[in-house]
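Everything in the sequence shown is counted per the working numbering, starting at 62 for the first residue and increasing by one. The structure under discussion appears below in the form of C-alpha cells.
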Amino acid sequence: MGGSQSGAGPGLSYAVQVAPAAVRQLRKIPPEARRRIQAAIEILAETPRPPGAKKLSGSSGDWRVRTGDYRIIYEIRDAQLIVLVVAMGHRRDVYQH
C-alpha cells in the first residue's frame, strides 16, 4: 500500500533496450567491469529505480545508477514498461553523451 516506485509491480517487468551508442560504449569497457554493468542492467528490468539510483537534474528524465567507477544512464518509460539505456562508461566520461 505504500506506493513504492522502485519496481514494476507484482508480476510486471520492464523490457530493457540498449541504444546503439551505449552498445558501442560497452564494448570499450574492460571485461570485469562489463560483466558488472550487464548484471546491473538486468536488474533494471525488475527494479528500474533500484536503491542508489538517481534522477539526473537538468535532463529530460534520465536516471543514473553506479557500478563501481562506471555509470549507466537510462530513461524509464513507465507507460510502455521500457528501460532505455542511453549511455554507459567511466564516471569521468559518461556525462558527456
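Even glycine gets a Cβ: it sits at the ideal position worked out from N, Cα and C.
Looking at the structure shown, is residue i part of a helix, part of a strand, or coil, going by DSSP?
i      : result
Gly64  : The pLDDT assigned to Gly64 is 37, lower than 50, so where the model puts this residue is not dependable; a value taken from the coordinates is nonetheless given after this. Coil.
Ala148 : strand
Pro76  : A quick correction: the sequence has Ala, not Pro, at residue 76. The answer is strand: DSSP assigns Ala76 an E or B state.
Arg127 : strand
Thinking residue i and residue j are a contact (beta carbons under 8 Å), I'd like their distance in whole angstroms, please.
i      : j      : result
Val126 : Ala140 : With a Cβ gap of about 21 Å, Val126 and Ala140 do not count as contacting.
Val146 : Val79  : 4 Å
Gln86  : Gly150 : 5 Å
Ile102 : Val77  : 6 Å
Tyr135 : Val144 : 6 Å
Ser74  : Ala100 : The pair is not a contact, with the Cβ atoms about 16 Å apart (cut-off 8 Å).
Count the other CB atoms, across all protein chains shown, that sit within 10 Å of the CB of residue i; report buried if there are 16 or more and exposed otherwise.
i      : result
Gly122 : exposed
Ile104 : exposed
Pro92  : exposed
Pro109 : buried
Ala83  : buried
Quick one: what's got a C-beta closer than 7 Å to residue i's C-beta in the same chain, skipping five residues either side?
i      : result
Lys116 : Trp124
Ala94  : Gly129, Tyr131
Could you name the residues of the same chain whose beta carbon sits closer than 8 Å to that of residue i, not counting the 5 residues immediately before and after it, in chain order?
i      : result
Arg152 : Arg127, Asp130, Tyr131, Arg132
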